[in-house]
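Just so you know, the protein sequences line up as chains A and B, in that order. Residue numbers for the first sequence follow our numbering, so the first one is 1 and each next one is one higher. Residue numbers for the second sequence follow our numbering, so the first one is 414 and each next one is one higher. So the structure is just underneath, and the comments pick up after that.
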Amino acid sequence: MKFFGINRLIGLILVLAILPLDSYAHGERAQQANTRMRTINWYDLEIGPKNVQVGEIVTVKGRFRASSQWPEEIPSIDDRVFLNVGTGGPNFVRLASNIDGVSGVQSTSLELGKDYSFETTLKARKPGRFHVHPILNVKDAGGMVGPGYWVEIGGSFEEFENSVETMLGRTVNLETFNLGSIAVWHIVWVVVGGAWLFYWIRQQPLLVPRMRKVDAAISRGDDPDSLITPTDLKVAIAFLTVTLLLIVGGFAWGEREAPITIPLRTAKTNMPADKPFPTSHVEAKVESATYRIPGRSFRMQLAVVNNGPATLQIGEFLVANVRFINPLVKTVTAIDEHDLVASEGLRIENGAIGPGQSKLIEVFAEDALWEIQRLTGMINDPDSIIAGLLFFYGDDGSREIVEIVGSMLPVFE
Amino acid sequence: MAASQDRLRLARYYERTVDVMLLTLIIFAVAGATIFVMSVTIGDWEFWADWKDRRYWPLAPVAALLVFPAGISAAFWQRFRLPISCTAVVLLYTVFRWVSSYINFHLFGGYPMSFVWPSVFIPLAIVIDCSLVITRSVFLTGLGGAFLWGLLVYPANWPLLAAFHEPLTYNGEMLTTADLMGFQYIRTGLPEYVRVVERSVLRTFGDAVTPLTAVFAGFVCTLVFYVSWIAGSLLNNQAWVKKV
């Protein structure tokens, strides 16, 4: 007894120790590095305000570029995509969303290699602290998760209201919509079903005597259906009649309550067909790329051509949602403890590129985020291809965005 | 005389114990298996308000749900001439489904109950059990009761569902109330396009999607009933059990 008591205590402690007490993210690091680098590149992301009360508005907006290097084994965005939000459940309600101004209520399709702006308007619903991400759900491929920021919701859930008006002029609260009818009809059927069961099982004992009678009837060559009495028959007819009448009556009642109904909406929204591909004054080609594992150091040699009017410098390297920032060009500080920013993670040698100039430059991206975000996992990928966006900043305030791609070689010592 | 009465009382006590144990074990086990199978196969249709369409929801869940109740009906009818197992399994299934929706999706997931309510199936089960008593024929029960099981799922749920198909305008688009709930109450891993719902009208029979689906569901359910009944009869065969 004592032995079992100790065992139970140890078991309880182990269970409590391994149970997650809280969840802080949505598995955004779980996706293969390869997938994160070569699918959706999210940038200029703004999520705010970071502190709101229940019922107040939070906006998630920014831009994304659908990588032209999309892995061929992953279903692409040209079938169906849906702009979504990762918030760990309906802690917000989504009031509106759009991609390039086109409503995102229904799913749509996009094109690889193109830039899109997006915006989602949320209304805070439940108090708490939530990590909010933009997500692009891609049919048959899953969610492509963008970077997330923490949003704190204060107040009380009881203050939340979500009313809409139907085209028939009825104002309904979606939090409790039609719940009365749902509960009443379920109770009605549980009562009717329970009454049917009670009629049959009220006689005790039930199974063994009936089994004996059935066996006896069969062994005598009689019909075991004789166990069904005339009263049973009348009761069954009564129950069938009541059931059918309730179904017909309920249907008529439903028709009266909602005289005009439409089927569920599933039309696909089309994006404008003439959207151009993004252009740039810069051409950049990866000549070589290595990742030195002990030093968590990524090095890339780029052949860059500047066809623009301004002298350019690389200010940011965006890869799989991680932003490596060149502190000599721009200052970016992490907004919260999970912001994927290496504020001084980018170092450029031979960096400034004048108008019309072609040169080889060395790019070093060094930060623990390579390991933390599991980007070095691409060493285990079958192709070990690295892809991302380079942000060039001109001395005239301009910005050029270039997508790069290349094979990465690991250095093990 | 007293000893004989004692033996009779003891026999009745054991028979009542067998009743309780068998009924509890069989019905709960089958209802539990039903909710598990439904959850991992066609669960989404069964509770999300914006999955309850007029083409697939009145067909797939009702056909899948009939498998276990029809199979266990074979055993209860052949052994005991008891027409209760359809109703018992579906009633317990409904109770389990409410508990699951309330705990998993409302309390834990945070969705309003009005968005994740279980469908009504109990009247369909009563129809089958009553058909068995009235016809005392498996063939006619399949032809009539099981057909009605598929045919009546839409009207049986309409008093609950109709309001969710009421139109509204939202950001310039016409939606049903169910669609709006699906858009507003965020499901990270369940985007709009994942729904297996009607995406265009049928090319024939005009716009008669609902009645056509209902009749087809009735036909499918008749077949499911016969197949499940035969499977239930085979599994109920004692000779087969003895070999094991």
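Think of the CB as a built atom: it goes at the ideal place given N, C-alpha and C, for glycine as much as any other residue.
The stretch 171-255 of chain A is shown to contain whole alpha helix (DSSP H) runs of 4 or more residues at 179-201, 207-220, in chain order. I247/A is a Cβ neighbour of P536/B, given a cutoff of 7 angstroms.
Against chain B, a Cβ distance below 8 angstroms from P294/A picks out nothing, because the smallest value is about 37 angstroms. Between P531/B and S280/A, the alpha-carbon positions lie close to 54 angstroms from each other.
For E362/A, the three-state secondary structure derived from DSSP is strand. At a C-beta separation below 7 angstroms, A96/A has these neighbours in chain B: N584. For Q418/B, there are no C-beta contacts with chain A under 9 angstroms, since the nearest C-beta of that chain is about 16 angstroms from it. Closer than 7 angstroms to the CB of W571/B there is at least one CB belonging to chain A.
When beta bridges are read from the DSSP output, H133/A appears opposite G86/A. Put simply, the CB of M594/B is near chain A, with a gap under 7 angstroms to one of its CB atoms. When secondary structure is reduced to three states using DSSP, F157/A falls in the helix class. Just so you know, the alpha carbons of T269/A and S107/A end up roughly 6 angstroms apart. Residues of chain A whose Cβ lies closer than 7 angstroms to the Cβ of P604/B are, in chain order, F82, N84, S107, N137.
By the rule that beta-carbons nearer than 7 angstroms mark a contact, Y598/B touches chain A.
Contact annotation for T437/B against chain A: no contact, minimum CB-CB distance about 11 angstroms [criterion: below 7 angstroms]. Setting aside the 5 residues that flank it on each side, A303/A is surrounded in the same chain by K285, E287, L360, each with a C-beta closer than 6 angstroms to its C-beta; the list follows chain order. Contact annotation, L369/A with A342/A: C-beta distance approximately 5 angstroms; criterion of less than 8 angstroms satisfied. The Cβ-Cβ distance between Y469/B and V609/B falls below 7 angstroms. The beta-carbon of E175/A is placed less than 7 angstroms from the nearest beta-carbon of chain B.
Against chain B, a Cβ distance below 8 angstroms from V93/A picks out Q597, Y598, I599. From the beta-carbon of W185/A, the residues of chain B found nearer than 7 angstroms are V533, P572, L573. Excluding residues up to 5 positions away in sequence, G595, F596 lie with their Cβ nearer than 8 angstroms to the Cβ of E605/B in the same chain. Comparing alpha carbon positions, the residue from R510/B, S417/B, D463/B closest to A446/B is R510/B. Ranked by Cα distance from Q301/A, the options Y116/A, L409/A, Q53/A are led by L409/A.
For chain A, the residues of the stretch 457-478 of chain B that bring a beta carbon within less than 7 angstroms of one of its beta carbons are D463, D466, R467, in chain order. Taking the C-beta atoms as reference points, A476/B is found nearer than 7 angstroms to V637/B. Counting only runs that start and end inside the stretch 37-93 of chain A, there is no alpha helix (DSSP H) element of at least 4 residues. Contact check between the stretch 77-87 of chain A and the stretch 238-255 of chain A: fewer than three CB pairs, one atom from each, fall below 8 angstroms, which does not count as touching. By the neighbour-count criterion, in which a residue is buried when 16 or more other Cβ atoms sit within 10 angstroms of its Cβ, R549/B is buried. Proximity of the stretch 575-587 of chain B to the stretch 96-113 of chain A meets the contact definition, three or more beta-carbon pairs being nearer than 8 angstroms.
Burial check for G101/A: the Cβ neighbour count within 10 Å stays below 16, so the residue is exposed.
In this model, T266/A and L479/B are separated by some 29 angstroms (Cα to Cα).
In the structure shown, P572/B falls within a helical segment according to DSSP collapsed to helix, strand and coil. No Cβ of chain A is located within less than 7 angstroms of the beta carbon of R422/B. Look at M378/A here: in three-state DSSP terms it is helix. Listed by position along chain A, the residues whose Cβ is nearer than 7 angstroms to that of M451/B form an empty set, because the closest Cβ is around 17 angstroms away.
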